[in-house]
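Shown next, in structure tokens, is the structure this report addresses.
In the numbering used here, the protein residues as written are 1268 to 1365.
As structure tokens, this is what we get:
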């Protein structure tokens, strides 16, 4: 029971930190959906593997982090080029010395 409690706490912390990362980097909505699906699948599979060896449990964490890294990289928002001024042909200004 103690190991299960520690696993759930670690799982919640990782989910929270990754959700903060997704929010701060303004990832796309489908990235959030895939994140939720990955976490649900991981939790379901991991709870089914409760009596398996340490290697299987360790590999499940490695697979989770790899999947989260892919979700983050593939759902990163596109870059937006924003002009510095709203005028089509802005005036050229002189050099400013401070």
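Ideal placement from N, C-alpha and C gives every residue a C-beta, glycine not left out.
- Message: Given this structure, state the Cα-to-Cα distance separating residue 1312 from residue 1282, to the nearest angstrom.
- Response: Taking the first residue of the chain shown as position 1, residue 1312 is located at position 45. Taking the first residue of the chain shown as position 1, residue 1282 is located at position 15. Approximately 16 Å between the Cα atoms of the pair.
- Query: Between residue 1299 and residue 1289, which are expected to be in contact by the criterion C-beta below 8 Å, what is the C-beta distance as a whole number of angstroms?
  - Reply: In the chain shown, the residue the question calls residue 1299 occupies position 32. In the chain shown, the residue the question calls residue 1289 occupies position 22. That belief holds up - the Cβ atoms of residue 1299 and residue 1289 are roughly 6 Å apart, short of 8 Å.
- Is it the case that the Cβ atoms of residue 1338 and residue 1302 are separated by a distance below 8 Å? Translated into positions along the chain shown, residue 1338 becomes position 71. Translated into positions along the chain shown, residue 1302 becomes position 35. For residue 1338 and residue 1302, yes; Cβs fall inside 8 Å.
- Query: How many whole angstroms separate the CB atoms of residue 1344 and residue 1293, which I take to be in contact at a CB cut-off of 8 Å?
  - Reply: In the chain shown, residue 1344 corresponds to position 77, counting from 1. In the chain shown, residue 1293 corresponds to position 26, counting from 1. Sure, about 5 Å apart at Cβ, within 8 Å.
- Message: Taking the straight line between their C-alpha atoms, what separation do you get for residue 1279 and residue 1295?
- Response: Numbered from 1 along the chain shown, position 12 holds the residue referred to as residue 1279. Numbered from 1 along the chain shown, position 28 holds the residue referred to as residue 1295. So the two alpha carbons sit approximately 22 Å from each other.
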